[in-house]
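Protein chains in written order, with my numbering: chain A, 1 to 253; chain B, 254 to 592. Backbone N, C-alpha and C define an ideal beta-carbon position, used for all residues, glycine too. These figures come from a predicted structure and were not determined experimentally. Scroll down for the structure; my scribbles are underneath it.
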């Protein structure tokens with residue numbers, strides 16, 4: 001695992017009215033690492049992702065990706081630089097067949113030049129990627145309308161959409177939420193495999209057991225601030241983290 | 254009737270063996286199957302091309318030309334709607350194209366051969382420039398902006414008295430003859446229909462449909478959705494402005510009536526009635542609505558009442574649109590095959 005930093009977040013801050021959703025958060029992300037971001041509901045995890053991927057502009061702070069500050073760039077520009085995010089709430093292209101959901105990614109400037117794009121060629125690429133992620137090409141699943149797919153499949157379809165863009169940094173916003181145990185069990189090895197192939201991953205997750213299996217390092221957020229950082233096991237021993245998750249004695253009962 | 258073939262034969266859908274994976278790729282192996290695929294595409298084209306000869310120069314010939322103009326507007330509306338841009342300002346595109354072609358003919362002395370392309374491309378460019386700043390708006394907000402434009406421009410022309418003011422621009426050159434006019438309009442309509450369909454079946458079109466379904470997902474797939482929306486407005490604007498330019502030369506006049514509500518609402522109604530999203534549906538809808546409205550002229554004052562009733566019954570009875578219904582039924586045709 002190389003030591004060069006892929007992403008560096010410096011004192012990122014964003015408030016909505018009086019509420020500070022993300023408060024002076026800084027962290028480094030070396031290439032090839034899997035970073036977990038956890039925290040109670042409303043602690044600013046998704047806002048942090050929106051700030052990194054350009055969907056929300058920060059009040060102050062920097063996001064330095066491959067040595068360049070990407071704050072102020074549009075989401076599509078950031079995606080084309082290789083920072084690709086999945087969505088917590090599924091937002092598929094409902095009126096298109098599942099495999100056609102990957103076409104925008106394959107048509108993006110980042111990937112477009114890799115292949116010619118003869119009629120139907122991108123469809124084949126899309127089906128290859130979906131097959132790899134567990135939509136068997138000989139079943140009906142990849143050809144069904146996204147409308148007709150169950151929730152767990154839609155989450156994986158979103159993962160496939162991200163992978164189609166050949167990211168350098170993959171940001172997964174609660175990929176496992178709403179998935180069945182067996183779906184999680186079959187998706188986890190896929191993510192491990194992508195990481196072994198050199199993909200750097202940030203995972204925001206509520207399912208800690210699964211997250212700790214793949215994460216090298218974990219950041220804990222509470223009320224927009226970073227309250228702990230370190231190896232998964234060590235972080236969960238911290239008093240402050242226990243307090244954030246379980247409450248203190250006073251407001252416990 | 255008894256079923257003498259029972260046991261050895263069963264029923265099968267005709268399209269079963271020939272549709273390969275998706276609805277747009279066919280594998281045909283017999284002349285019959287080739288007919289099954291080609292006829293619904295070729296027959297309407299032949300019919301449309303023959304119509305001017307059948308209808309002649311009279312009243313119904315003029316209705317045919319009007320149909321073509323409205324159908325171009327409906328195609329233009331449908332194309333924007335396929336990308337999620339709901340427009341209530343087709344009359345604006347139409348009027349700009351008409352005025353540009355009229356002015357080019359009257360002031361610069363250009364023949365229709367040049368003034369029509371100028372009207373179409375120039376009109377498309379002007380509409381794109383004016384709408385480009387608001388492509389970030391979605392749904393009803395975008396529609397509201399497009400709704401204001403025809404009102405705005407017609408008031409400006411009225412107040413400043415440019416381009417003839419309220420009198421409009423009369424005395425614009427006609428096509429060489431009536432048949433030329435019809436044989437310009439009909440092929441343009443057919444070409445537009447097939448080109449639009451082709452665009453939507455390409456990967457480019459898939460991206461456009463993706464923007465309609467969920468623009469944020471498409472944006473996070475690395476697509477500059479604003480560029481795509483602007484390109485859509487240009488394509489759609491050129492088509493509608495072309496309809497305006499054709500109309501101007503046909504009527505030898507362009508005036509504030511070009512910005513009227515009719516040119517927004519009839520194409521929209523046609524596209525919805527025929528089935529939005531399939532360009533053939535929009536054309537079919539117009540070729541039902543416009544002649545129908547002419548036939549109802551006998552009822553004089555009650556014309557609009559009957560027209561509205563028929564429209565309401567159709568939309569309630571076939572909410573998917575006539576074309577979608579026909580398409581579904583056509584694919585359900587069955588034949589007997591040996592087991």
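Note that the C-beta distance between residue 213 of chain A and residue 231 of chain A is not below 8 Å. Here the stretch 223-242 of chain A makes no contact with the stretch 553-560 of chain B; the two share fewer than three CB pairs at distances below 8 Å. In its chain, beyond the 5 residues on either side, 178, 179, 180 and 183 have a beta carbon closer than 8 Å to the beta carbon of residue 152 of chain A. For residue 213 of chain A, the enclosing alpha helix (DSSP H) stretches over residues 208-214. Taking C-beta separations shorter than 8 Å and ignoring five residues to either side along the sequence, the partners of residue 125 of chain A in its chain run 102, 106, 115 and 164, following chain order.
With respect to the C-alpha of residue 356 of chain B, the residue from B:481, B:480, B:473 and B:422 having the closest C-alpha is B:422. The shortest C-alpha to C-alpha distance from residue 426 of chain B to any of B:562, B:265 and B:503 is the one to B:503. Pairwise C-beta distances place the stretch 490-505 of chain B in contact with the stretch 376-392 of chain B, as three or more of them are shorter than 8 Å.
For residue 122 of chain A, the closest of B:387, B:456 and B:568 by C-alpha to C-alpha distance is B:456. Chain B places a beta carbon closer than 8 Å to that of residue 76 of chain A, counting this residue as a contact. By the neighbour-count definition (other C-beta atoms within 10 Å, threshold 16), residue 14 of chain A is a buried residue. Under the DSSP assignment, residue 27 of chain A falls outside any alpha helix (DSSP H), being part of the beta strand (DSSP E) whose first and last residues are 19-30. Burial of residue 21 of chain A is indicated by the presence of at least 16 other C-beta atoms within 10 angstroms of its C-beta.
Scanning its chain for C-beta atoms nearer than 8 Å, with the 5 sequence neighbours on each side dropped, one finds around residue 525 of chain B the residues 538, 568 and 574, in chain order.
In the structure shown, the three-state DSSP call for residue 38 of chain A is strand.
Each of A:185, A:166 and A:80 was checked against the Cα of residue 175 of chain A, and the nearest Cα belongs to A:185. DSSP places residue 399 of chain B in the uninterrupted alpha helix (DSSP H) bounded by 392-413. Under the Cβ criterion of 8 Å, residue 50 of chain A is not counted among the residues facing chain B. The DSSP-derived three-state label of residue 69 of chain A is strand. Along the stretch 90-103 of chain A, going in chain order, the ones with a CB nearer than 8 Å to a CB of chain B are 91, 92, 93, 94, 95, 96, 97, 100, 101 and 103. Look at residue 331 of chain B: its C-beta is not under 8 Å from any C-beta on chain A. Excluding the 5 residues flanking it on each side, residue 80 of chain A has same chain C-beta neighbours closer than 7 Å at 108, 109 and 110, in chain order. One thing to note: residue 390 of chain B has its Cβ no nearer than 8 Å to the Cβ of residue 496 of chain B.
Per DSSP, the continuous alpha helix (DSSP H) segment holding residue 468 of chain B begins and ends at 468-473.
No residue range can be given for residue 223 of chain A, since it is assigned to no beta strand (DSSP E) and is classified by DSSP as neither H nor E.
Contacts with chain A at 8 Å (Cβ-Cβ) do not include residue 268 of chain B. When the five nearest sequence neighbours on each side are left out, the beta carbons in the same chain lying within less than 6 Å of the beta carbon of residue 345 of chain B are those of 402 and 403, in order along the chain. For the set A:136, A:34, A:27 and A:8, the Cα lying nearest the Cα of residue 215 of chain A is the one of A:34. When Cβ pairs closer than 8 Å are counted between the two stretches, the stretch 444-462 of chain B is seen to touch the stretch 92-100 of chain A, the count reaching three or more.
Under the 8 Å criterion on CB atoms, residue 483 of chain B is classed as non-interfacial with respect to chain A. Here residue 589 of chain B is exposed, its C-beta having fewer than 16 other C-beta atoms within 10 Å. Relative to the Cα of residue 299 of chain B, the nearest Cα in the group B:320, B:317 and B:440 belongs to B:440. Taken in chain order, the whole alpha helix (DSSP H) runs of length 4 or more contained in the stretch 75-140 of chain A are 75-81, 103-107, 109-112 and 121-132.
Along the stretch 457-473 of chain B, going in chain order, the ones with a CB nearer than 9 Å to a CB of chain A are 457, 459, 460, 462, 463, 464, 465, 466, 467, 469, 470, 471, 472 and 473. By alpha-carbon distance to residue 534 of chain B, the top candidate from B:428, B:293 and B:592 is B:293. Contact of residue 47 of chain A with chain B by beta-carbon distance below 9 Å is absent, the smallest such distance being about 15 Å.
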